[in-house]
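First comes the structure, then the notes that go with it.
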Amino acid sequence: MSLRMAPPLPLVFLLMTVGAFGTEWSVKYNQQEICALKGSTVFINGTYTHPEHLTVTETFCFIYPVQNVEPTDLSKDPDYLGRVKYLTDEQKHFSLKLSDVMERDDRQYYFRIRTNEEKEKWFGTPGVQLRVTELHVETPEEVTEGETADLTCKTTCSLTDPTFIWYKNGRPLTTKTIKNNQLHLQTVSSEDAGSYSCAVRGYQHLNSTAHNLRVRYPPKSISVSISPSGGIVEGSSVTLTCSSDANPHVKNYTWSKEGGTSPVGSGQNYSIISITADHTGLYYCEAQNEHGAQNGTVMVTVKSQSVSAVWIAVGGGSFLLLLITALICILWINRKKRNSDEQDYENADPNAKDDTYTALQPTARSSKDVYHTLAAVQSSSLDDTYTALDPQSSSPEYHTLAVSSTH
Ligand SMILES: *[C@@H]1O[C@H](CO)[C@@H](O)[C@H](O)[C@H]1NC(C)=O
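Here the sequence shown stands for residues 0 to 406, where the numbers follow numbering that gives the first Met the number 0.
The following block contains the structure:
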């Protein structure tokens with residue numbers, strides 16, 4: 000040990016503070032540095048002593064120590080207006096209560112003691128350094144399902160015994176592992192994606208801004224739909240649509256048919272134009288992104304057109320056509336008949352049969368099927384129309400009608 004070494008600073012300080020009467024000046028702050036959340040209320044506490052023969056007249060805190068210049072009481076500083084409160088007691092405790100801490104409050108604070116003797120005054124140096132911090136969530140931008148992730152509630156200074164609280168999408172998280180200022184996600188799943196924020200117990204209203212955690216995962220919740228959704232009839236067009244949840248979005252959709260050797264299509268939609276019974280089968284949709292793939296299936300059943308459905312359709316259509324044609328013809332014939340009766344008496348040959356009459360003869364075997372029909376309609380009530388049709392006719396429509404009429 001060197002004797003030439005200067006005495007350590009606290010010793011110098013002690014020597015200086017010892018007054019002439021064996022009493023001493025002292026200001027002891029409870030902490031050298033205080034870390035406070037922006038918006039919170041902070042106490043700068045300490046104790047002081049003074050030579051016994053003096054009477055303390057004034058105590059306050061201040062921020063600018065300038066030699067030979069009497070410092071300004073913090074409570075009178077416009078920057079601190081309404082935010083400063085002093086609490087002192089007989090035991091020589093002092094307390095500065097500073098509320099609604101702001102970023103600019105981040106500085107050194109000193110305690111000043113003045114007495115009845117102008118020259119006998121004191122302030123405690125060094126003062127107390129106030130640090131102001133906000134909470135800030137630090138997360139990886141993106142994690143892949145199955146990995147672990149740590150979210151950190153960052154502060155720029157060390158808060159005193161903080162208990163961190165985590166929120167996901169605004170709701171407190173209780174099930175996850177919280178250690179110190181970290182939220183540990185052991186095996187990240189897609190459900191962990193969301194907006195995270197943190198707070199310190201007792202200061203929940205001063206929570207951090209939310210930070211988004213994105214989770215990458217392979218396709219899941221795959222579903223395959225068929226459009227139109229009703230029964231698939233031969234000849235119609237059908238579209239299969241594959242939907243799935245994935246992050247990032249599905250890159251490839253591959254369609255295949257059970258039993259097939261190669262894919263039948265790609266893209267989110269797979270369309271079959273003019274479907275046939277051969278298209279019946281189980282279809283697979285494979286959705287894929289860089290993290291994996293998932294399969295969905297759908298059964299496509301093609302109904303060959305129901306026979307009775309065809310009959311009803313064709314029969315109904317034919318009946319309507321027959322009815323209209325018959326009515327037009329009847330009107331036309333009646334008019335023509337009247338015209339010839341009135342105007343062409345001399346030329347009228349009772350045996351002359353114009354084309355129409357020939358055609359309307361029930362016995363006439365005209366190749367125009369419609370005339371057969373007309374004859375039938377004319378010679379009987381409408382209800383008898385079908386029975387009047389020649390079942391031997393080679394037209395498939397008439398087959399149908401003939402069958403229908405027997406129902
Ligand atoms: C400081 O003092 C005040 C009032 O005496 C008290 O309420 C507060 O808890 C104290 N704070 C600390 C950090 O000592």
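Think of the CB as a built atom: it goes at the ideal place given N, C-alpha and C, for glycine as much as any other residue. Nothing here was measured: the structure is a model prediction, and the numbers come from that model.
Residue interval of the beta strand (DSSP E) (run including residue i)
| i | result |
| --- | --- |
| Trp254 | Asn251 to Lys256 |
| Asn179 | Unbroken run through Asn179: none, as it is neither H nor E. |
| Pro227 | First-last for Pro227: undefined, no H or E at that position. |
| Val187 | First-last for Val187: undefined, no H or E at that position. |
| Asn115 | Taken as a continuous stretch (DSSP letters only), Asn115 belongs to no beta strand (DSSP E), as it is neither H nor E. |
| Glu285 | Gly280 to Asn288 |
| Lys96 | His92 to Leu97 |
| Ser243 | Val237 to Asn246 |
| Tyr269 | Asn268 to Ile271 |
| Tyr28 | Ser25 to Tyr28 |
| Gly291 | Gly291 to Val299 |
Nearest to residue i (by Cα), restricted to the options the options
| i | options | result |
| --- | --- | --- |
| Lys75 | Arg103, Cys60, Leu205 and Pro125 | Cys60 |
| Arg111 | Val237, Ala325 and Tyr63 | Tyr63 |
| Leu239 | Arg170, Thr124 and Tyr282 | Tyr282 |
| Asn29 | Met101, Thr56 and Tyr108 | Tyr108 |
| Phe42 | Val65, Leu95, Glu289 and Gly81 | Leu95 |
| His278 | Glu289, Met298 and Ala286 | Met298 |
| Leu129 | Leu172, Asp104 and Ile231 | Asp104 |
| Asn206 | Ser255, Thr154 and Ser242 | Thr154 |
| Asn294 | Gln267, Ile272 and Thr275 | Gln267 |
| Phe93 | Gly169, Thr46, Thr124 and Glu289 | Thr46 |
| Glu407 | Ser242, Ser39, Leu322 and Ile274 | What is shown of the chain runs 0 to 406, which leaves residue 407 out entirely. |
| Arg250 | Ser270, Cys284 and Gly258 | Note on residue identity: the sequence assigns Lys, not Arg, to residue 250. The option with the nearest alpha carbon to Lys250 is Cys284. |
| Val214 | Thr260, Thr208, Pro262 and Thr147 | Thr147 |
| Thr253 | Asn246, Ser270 and Thr275 | Ser270 |
| Thr58 | Val83, Thr114, Pro50 and Thr22 | Thr114 |
| Val468 | Thr151, Thr138, Trp24 and Leu97 | Outside the modelled stretch of the chain, which goes from 0 to 406, sits residue 468, for which no answer is possible. |
| Gly280 | Ile231, Thr324 and Leu184 | Ile231 |
| Val65 | Gln31, Arg82 and Thr124 | Thr124 |
| Val301 | Thr54, Asn333, Ser188 and Ser273 | Ser273 |
| Ala192 | Tyr216, Thr174, Thr208 and Thr173 | Tyr216 |
| Leu53 | Glu23, Leu326 and Gln31 | Glu23 |
| Gly291 | Gln31, Ser261 and Pro218 | Pro218 |
| Gln287 | Ser265, Thr275, Pro70 and Ala276 | Ser265 |
| Leu36 | Asp78, Ser228, Ser157 and Asp72 | Ser157 |
| Val131 | Leu322, Asn246 and Ile33 | Ile33 |
| Ala276 | Ser303, Ser255 and Met101 | Ser303 |
Contact test: residue i Cβ vs ligand 1 heavy atom, cutoff 7 angstroms
| i | result |
| --- | --- |
| Phe42 | yes |
| Ser98 | no |
| Asn180 | no |
| Ser220 | no |
| Ser157 | no |
| Ser39 | no |
| Leu86 | yes |
| Ser188 | no |
| Asn288 | no |
| Ser25 | no |
| Val243 | The sequence given here has Ser at residue 243, not Val. Not so, every heavy atom of ligand 1 lies at least 7 angstroms from the Cβ. |
| Asn246 | no |
| Ser94 | yes |
| Asn67 | no |
| Asn206 | no |
| Asn168 | no |
| Asn211 | no |
| Asn29 | yes |
Closer than 8 angstroms to chain C by CB, residue i
| i | result |
| --- | --- |
| His248 | Among the chains in the structure shown there is no chain C, since it carries only a single protein chain. |
#### Entry: Meets three-Cβ-pair contact criterion under 8 angstroms: the region 179-199 and the region 105-125
With the cut-off at 8 angstroms, the region 179-199 and the region 105-125 do not touch.
### Task
State whether the region 194-206 contacts the region 160-169, with contact taken as three or more CB pairs (one from each stretch) at a distance under 8 angstroms.
yes
### Query
Counting Cβ pairs, one atom from each stretch, are 3 or more of them under 8 angstroms apart for the region 84-97 and the region 142-152?
In short, these stretches do not touch, since the Cβ pair count stays below three.
### Message
I'd like the ranges of any alpha helix (DSSP H) spanning at least 4 consecutive residues and lying wholly in the region 33-84.
### Response
none
### Message
Pairs of beta-carbons, one from the region 218-226 and one from the region 163-175, closer than 8 angstroms: are there three or more?
### Response
no
### Message
Assess contact between the region 225-239 and the region 188-199, defined as three or more Cβ pairs (one per stretch) separated by less than 8 angstroms. Is contact present?
### Response
no
### beta strand (DSSP E) runs wholly inside the region 101-176, at least 3 long, in chain order
107-114, 120-122, 127-132, 135-137, 141-143, 148-153 and 163-167
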